[in-house]
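Under the numbering used here, the first residue of the sequence shown is numbered 11, with each subsequent residue one higher.
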Amino acid sequence: METTMINNYQRYIFLFIAFILQVPVALSQEVDTIRINREINLGELKLSQQRIQLPNFSDKKTNQKPVEVPLSWNGKEEHQLTWTKINPREGEVFVNDSLNNNVIRVGAGSYGYTYLNLNLNKADQRLGVYLSHDAYAEGPVADIFSRKKSNNVKVWSRSRADSKLDLETHLAFSQLGSNYYGFEANQKIPSFRDQRLVYDIYNFYGKFGTNLPKSNFDFNASLDVSRISKFDEVSEITSNGSFYSKIKLKSNSFINISGEMILSEYKTQGLTLTRSFSRIRPFYTFSNYFVTVSAGAHFLQETTDGPEPANSSFYPQFLIDFSSLDYIHFFAGLGGDVQFNTFANYVRQNPWMASSILLKNSSQVGNLYAGIKGTNRTDKDKAGDIDFEFKIAYSEYTDLPIISNASSDPTQFVMSYVGGLKKVQVTTFSGNFDLQISRSIKSAVRFNYDNYDSLGDLEKAFHRPAWKVNWVGTILLGNKLSIIPTIEYMNGLYAWSPSAAKVVAMNEIFDLNCHVNFTFNQKVGLGLNLNNLLNRNFQRYLNYPSLGYNFGGVLTYSF
Numbered sequence: 011m012e013t014t015m016i017n018n019y020q021r022y023i024f025l026f027i028a029f030i031l032q033v034p035v036a037l038s039q040e041v042d043t044i045r046i047n048r049e050i051n052l053g054e055l056k057l058s059q060q061r062i063q064l065p066n067f068s069d070k071k072t073n074q075k076p077v078e079v080p081l082s083w084n085g086k087e088e089h090q091l092t093w094t095k096i097n098p099r100e101g102e103v104f105v106n107d108s109l110n111n112n113v114i115r116v117g118a119g120s121y122g123y124t125y126l127n128l129n130l131n132k133a134d135q136r137l138g139v140y141l142s143h144d145a146y147a148e149g150p151v152a153d154i155f156s157r158k159k160s161n162n163v164k165v166w167s168r169s170r171a172d173s174k175l176d177l178e179t180h181l182a183f184s185q186l187g188s189n190y191y192g193f194e195a196n197q198k199i200p201s202f203r204d205q206r207l208v209y210d211i212y213n214f215y216g217k218f219g220t221n222l223p224k225s226n227f228d229f230n231a232s233l234d235v236s237r238i239s240k241f242d243e244v245s246e247i248t249s250n251g252s253f254y255s256k257i258k259l260k261s262n263s264f265i266n267i268s269g270e271m272i273l274s275e276y277k278t279q280g281l282t283l284t285r286s287f288s289r290i291r292p293f294y295t296f297s298n299y300f301v302t303v304s305a306g307a308h309f310l311q312e313t314t315d316g317p318e319p320a321n322s323s324f325y326p327q328f329l330i331d332f333s334s335l336d337y338i339h340f341f342a343g344l345g346g347d348v349q350f351n352t353f354a355n356y357v358r359q360n361p362w363m364a365s366s367i368l369l370k371n372s373s374q375v376g377n378l379y380a381g382i383k384g385t386n387r388t389d390k391d392k393a394g395d396i397d398f399e400f401k402i403a404y405s406e407y408t409d410l411p412i413i414s415n416a417s418s419d420p421t422q423f424v425m426s427y428v429g430g431l432k433k434v435q436v437t438t439f440s441g442n443f444d445l446q447i448s449r450s451i452k453s454a455v456r457f458n459y460d461n462y463d464s465l466g467d468l469e470k471a472f473h474r475p476a477w478k479v480n481w482v483g484t485i486l487l488g489n490k491l492s493i494i495p496t497i498e499y500m501n502g503l504y505a506w507s508p509s510a511a512k513v514v515a516m517n518e519i520f521d522l523n524c525h526v527n528f529t530f531n532q533k534v535g536l537g538l539n540l541n542n543l544l545n546r547n548f549q550r551y552l553n554y555p556s557l558g559y560n561f562g563g564v565l566t567y568s569f
């Protein structure tokens, strides 16, 4: 650990105290009817308990990639840089809520969109099989070059809900087929075969734990092993073992200890890189009607057979959450963490990565945050119900990952990392606001603003937007029909153009979509996707325009 760490945290603690002194003190307290549930889980300091959730109308995120580096910082909400609009379609979005166990979905649409989903499981939900096929066009370039397909199969099992042991396991295989299609204007288009991308992903997951509702002790452990490969050019195998334990001391206090150990081997035609990462998180939490306080630490160890030396880190963690009024909470905290970056995680965000990229862990060496959240919601969805949360955070990073176009081949992307002795400084303002306009109309907006300073030799944080805004509306027309319009907005994107040898500003992303879902009965439902209604070929990554207006329909049958 760096010798300056103690001085850094003295500064963070001083700033944190200043935050606390400026928070308004409660003027009154009344006996509550609805409280915001506080959940401190796995020592991860989840700030917003009962966070505002967007309508759950899909089992896949249409028009969204699942992650954006630096990922989710292991589930914490301290400066998450997640949820980002990427491309027109990643499968269907329609779900037919049914009491039946087995579901078949079949879909088709414009630009060769085909979809098949089969989910079978036993009546007691203890054994199941999942199959899916999803093929669609991702962009308008060179026709077949922008095709994409995803095939998945998974077999899973778990213990009975009333069992004292919680057991779960699955075996899964996924194949993602895509193409490099981000050709520049003066670039000769190569053969389709040379631009082909096929990722094979194997995964095993197993978990066991206790299921004793009245016990003062809770424990679970899991093992997650996965392998990703692209032809014979690159492969990565990652094993992640983790555990979680919780000891209840009194009715309002507990200790939890969690940890994980990750082993990874990354292979290219000219390199084999082996890395290990371990983390222990002890936490103590006290909670009563007015306040929740959680304090703990992250102890981390990193090793690699690359040029970087082994590194040990220690980050204190602190969170306070207290209520000033019946439905208003103030929260503040400080912390830090290290993220284990993998080739698989980068590919999930951007499948057009080069086969050989630089892999390093990213450190959030300090994070200070404060905010307010509240709700007046009851158990009845009445007009005027509001949920909200607003947060400001200041973070410092070393080795913050940046995705940029490769100089040797602009259709491919490589990784670089910024922040060393001089840390990257990130100021974030984020929030969400959920309004129940009536029993059948709901509006939810989520936004995030990031400002990056001290980027070293980089002029901009490439492919990292300043503004991200997401809006979802829900309109229910009776018990059969739902209309769900969505808006995705992103601004402040920059990239490095190898051909122009300069930083270029990318156009803003403004994407309007509409999802219509009609339920005939408990067994049959029909959905329609209307994507990119403004017909804009926006680019999330330089040289990769998205598909314009497109549509698809999905028929669901459950039995």
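Glycine included, each C-beta is placed from N, C-alpha and C at the ideal position.
Quick check on DSSP: helix, strand or coil for residue i?
{"i": "Gln279", "result": "coil"}
{"i": "Arg206", "result": "strand"}
{"i": "Asn135", "result": "The amino acid occupying residue 135 in the given sequence is Gln; Asn does not appear at that position. Note: Gln135 maps to coil in three-state DSSP."}
{"i": "Ser156", "result": "helix"}
{"i": "Ser120", "result": "helix"}
{"i": "Gln185", "result": "strand"}
{"i": "Phe548", "result": "coil"}
{"i": "Gln422", "result": "coil"}
{"i": "Arg449", "result": "coil"}
{"i": "Ala354", "result": "helix"}
{"i": "Gln197", "result": "coil"}
{"i": "Gln327", "result": "strand"}
{"i": "Thr92", "result": "At Thr92, the pLDDT of 27 sits below 50, so the modelled position is not reliable; the number obtained from the coordinates is stated separately. In the structure shown, Thr92 sits in coil (DSSP, three-state: anything other than H, G, I, E or B)."}
{"i": "Gln311", "result": "strand"}
{"i": "Gln359", "result": "helix"}
{"i": "Ala320", "result": "coil"}
{"i": "Val344", "result": "Note on residue identity: the sequence assigns Leu, not Val, to residue 344. Three-state result, Leu344: strand."}
{"i": "Asn266", "result": "strand"}
{"i": "Leu468", "result": "coil"}
{"i": "Ser366", "result": "coil"}
Can the beta-carbon of residue i be found less than 8 Å from the beta-carbon of residue j?
{"i": "Val357", "j": "Leu310", "result": "no"}
{"i": "Gly381", "j": "Ile402", "result": "yes"}
{"i": "Tyr123", "j": "Val116", "result": "no"}
{"i": "Tyr554", "j": "Gly269", "result": "no"}
{"i": "His180", "j": "Lys164", "result": "yes"}
{"i": "Asn112", "j": "Ser568", "result": "yes"}
{"i": "Ser372", "j": "Tyr407", "result": "yes"}
{"i": "Ala364", "j": "Ala416", "result": "yes"}
{"i": "Glu194", "j": "Pro420", "result": "yes"}
{"i": "Ser232", "j": "Gly216", "result": "yes"}
{"i": "Ser236", "j": "Thr220", "result": "no"}
{"i": "Phe155", "j": "Gln205", "result": "yes"}
Skipping 5 residues on each side, what residues in its chain have a beta carbon closer than 6 Å to that of residue i?
{"i": "Phe296", "result": "Ser263, Val303"}
{"i": "Ser120", "result": "Asn560, Phe561"}
{"i": "Gln63", "result": "Below a pLDDT of 50, predicted positions are generally treated as unreliable, and Gln63, at 31, falls in that range; no measurement from the model is reported."}
{"i": "Ile211", "result": "Ser184, Ile238"}
{"i": "Ser245", "result": "Ser239, Lys277"}
{"i": "Ile485", "result": "Ile451, Ile493"}
{"i": "Ser286", "result": "Leu273, Thr313"}
{"i": "Ala145", "result": "Thr124, Lys159"}
{"i": "Phe275", "result": "According to the sequence provided, residue 275 is Glu. The question's Phe does not apply to it. Cβ neighbours of Glu275 beyond the five flanking positions: Ile247, Thr284."}
Going by beta carbon distance, what residues of the same chain come within less than 7 Å of residue i, once the five residues before and after it are set aside?
{"i": "Asp258", "result": "Note that residue 258 corresponds to Lys in the displayed sequence, not to Asp. Excluding sequence neighbours, Lys258 sits near Asn226, Phe264."}
{"i": "Ile439", "result": "According to the sequence shown, residue 439 is Phe rather than Ile. Ile402, Tyr459."}
{"i": "Asn545", "result": "Gly558, Tyr559"}
{"i": "Lys433", "result": "Val375, Glu406, Tyr407, Thr408, Ser464"}
{"i": "Tyr404", "result": "Leu378, Thr437"}
Beta-carbon within less than 8 Å of residue i's beta-carbon, same chain only, minus the 5 sequence neighbours each way: which residues are those?
{"i": "Val514", "result": "Tyr504, Ala505, Trp506, Ser507, Leu552"}
{"i": "Arg387", "result": "Ile44, Asp395, Ile396, Asp397, Gln446"}
{"i": "Ala118", "result": "Thr124, Tyr125, Gly562, Gly563"}
Taking the DSSP output, what are the residues bridged to residue i?
{"i": "Pro475", "result": "Bridge partners of Pro475: none, in fact."}
{"i": "Ala511", "result": "Answer is none; Ala511 lacks a bridge partner."}
{"i": "Ser440", "result": "Lys401, Asn458"}
{"i": "Asn480", "result": "Arg456, Glu498"}
{"i": "Glu178", "result": "Arg168, Lys217"}
{"i": "Gly563", "result": "Ala118, Leu538"}
{"i": "Ile272", "result": "Asn250, Phe287"}
{"i": "Lys258", "result": "Phe264"}
{"i": "Asp238", "result": "Here residue 238 turns out to be Ile, not Asp, going by the sequence shown. DSSP output for Ile238 lists Ile211, Glu246 as bridge partner(s)."}
{"i": "Ala1", "result": "Nothing in the structure corresponds to residue 1, since the chain is present only between 11 and 569."}
{"i": "Ser232", "result": "Lys217, Ser252"}
Could you tell me whether the segment 493-501 touches the segment 410-422, using the rule of 3 or more Cβ pairs below 8 Å?
-> no
Pairing CB atoms from the segment 124-143 with CB atoms from the segment 164-171, are three or more of them under 8 Å?
-> yes
Counting pairs of beta carbons, one from the segment 331-343 and one from the segment 365-376, are three or more of them closer than 8 Å?
-> no
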